[in-house]
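S.K.:
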Amino acid sequence: MTQRLAGKIAVVTGGALGIGGGISRRLAAAGATVVLNDIDEAAAAATAGEITAGGGRCHTLVGDIRKPEVVEALRAAALRAGDGRIDVLVNNVGDFRPASRTFLHSTEAQWQELYEVNLLHVFRVTRALLPVMVEQRSGAVVNNSTVEAFRGIPGHAVYSAYNAGVSAFTKSLAVEVGQHGVRVNAIAPDLADTSQTPAAAMLRGRDPALIRTWLPLGRFGVADDYAAVVEFLASDDARFVTGHTIPVDGGTLAASGWYGRADRKGWTNMPNEA
Ligand SMILES: NC(=O)c1ccc[n+]([C@@H]2O[C@H](COP(=O)([O-])OP(=O)(O)OC[C@H]3O[C@@H](n4cnc5c(N)ncnc54)[C@H](O)[C@@H]3O)[C@@H](O)[C@H]2O)c1
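Residues 119 to 392 in the working numbering are what the sequence shown spells out, letter by letter.
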């Protein structure tokens, strides 16, 4: 089978663990040279080592993507790796923490942290790398949003607002840069079994047999479920797709609904809960 990203240079932020780790492995397996940024040095080295041991190509740039100097270093590392080319950018870093019980309990300091980890770096990294894509008249940006950009989630109003921002940015930028041969899309994950949202924690005290009642495909997602869609969006197979956020959620957005718990102790989207 032909590798659909053969010869491409792909930058992945937060590319060591979780969904980002799956994306780095997928894009490398599809033939891309991956430039993996992560804040976790050991995890970055482990994922890069795994990729290269399997015959893939991967460079690492360790650092906190919220820092402008790390964004600049990432740009330089990508240009070095690609000899001046950058074909794919995956803005994957994001986090729903710090969370508060309700919006009324949230603080401005939390809003700022959520802004910096979910949205601000997406602007910065994109603005740093986009000129290279515009100049070469080709490129694909894939952002990582969330289903909560489209579905309300109690307790996380600010997180969902910033991710709606990621999806709106995706749409508007796509319109702006299509004329330069650059496509911009996003994925909206739900229920990935990662260290940020471990399935074991979500299932604690619940009957796993009832997963099918609130998750139509009947299981949690694994990193490669999300990475497969990112690979598609990054590749020429998606050459006529731009400006969209594709839910990768096992059907939860289609089926979703939040319910006030009968005991009035907050909310649940798992109707089997009392
Ligand atoms: N897990 C889910 O169910 C879910 C649902 C919706 C959206 N998402 C989104 O998917 C993306 C990845 O989620 P995940 O569950 O894989 O997360 P994760 O926390 O399991 O992994 C995040 C990766 O990014 C790295 N990272 C974190 N902060 C960083 C920073 N400031 N600079 C550089 N690297 C950093 C971590 O070291 C790790 O390798 C996020 O944008 C998240 O909001 C996840």
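Ideal Cβ placement from N, Cα and C applies to all residues, glycine included.
If you pair each beta-carbon of the stretch 253-270 with each one of the stretch 293-306, do three or more pairs fall below 8 angstroms?
M.R.: yes
S.K.: Given a threshold of 16 other Cβ atoms within 10 Å of its Cβ, counted over all protein chains shown, does L222 qualify as buried or as exposed?
M.R.: By the 10 Å Cβ count, L222 comes out exposed.
S.K.: With a threshold of 6 angstroms on Cβ separation, who are the neighbours of A246 within its own chain once the five nearest residues in sequence on each side are excluded?
M.R.: Non-local beta-carbon contacts of A246 in its own chain, meaning distances under 6 angstroms to residues more than five positions away in sequence, involve V189, R193 in chain order.
S.K.: Using DSSP bridges, identify the partner residues of P365.
M.R.: A306
S.K.: With distances taken Cα to Cα, identify the nearest neighbour of L145 among A258, G336, I329.
M.R.: A258
S.K.: Does DSSP put H177 in a helix, in a strand, or in coil?
M.R.: strand
S.K.: Given that a residue counts as buried once 16 or more other Cβ atoms are within 10 Å of its Cβ, and exposed if not, what is D355?
M.R.: exposed
S.K.: Within its chain, find whatever has a CB closer than 8 angstroms to the CB of A346; leave out the 5 residues flanking it on each side and keep chain order.
M.R.: R144
S.K.: Give the DSSP bridge partners of R301, in chain order.
M.R.: A258
S.K.: Would you say I157 touches ligand 1, meaning its beta carbon is less than 6 angstroms from a heavy atom?
M.R.: yes
S.K.: Applying the 10 Å Cβ sphere with the 16-neighbour rule, what's the burial state of D311?
M.R.: buried
S.K.: In whole angstroms, what separates the C-alpha of R198 from that of G167?
M.R.: 19 angstroms
S.K.: With respect to the beta strand (DSSP E) encompassing A128, which residues constitute its N-terminal and C-terminal limits?
M.R.: 127-131
S.K.: For W332, does the three-state DSSP call read helix, strand or coil?
M.R.: When DSSP states are grouped into helix, strand and coil, W332 belongs to the helix group.
S.K.: Is the beta carbon of I329 within less than 6 angstroms of some heavy atom of ligand 1?
M.R.: Checking the Cβ of I329 against ligand 1 gives no.
S.K.: Does the beta carbon of R269 fall short of 6 angstroms from some heavy atom of ligand 1?
M.R.: R269: no, Cβ never under 6 angstroms from ligand 1.
S.K.: Applying the criterion that 16 or more other CB atoms from any shown protein chain within 10 Å of the CB defines a buried residue, is F358 buried or exposed?
M.R.: exposed
S.K.: Quick one: Cα of I157 to Cα of T178, how far?
M.R.: 10 angstroms
S.K.: Just list the residues that DSSP pairs G339 with in beta bridges.
M.R.: A310
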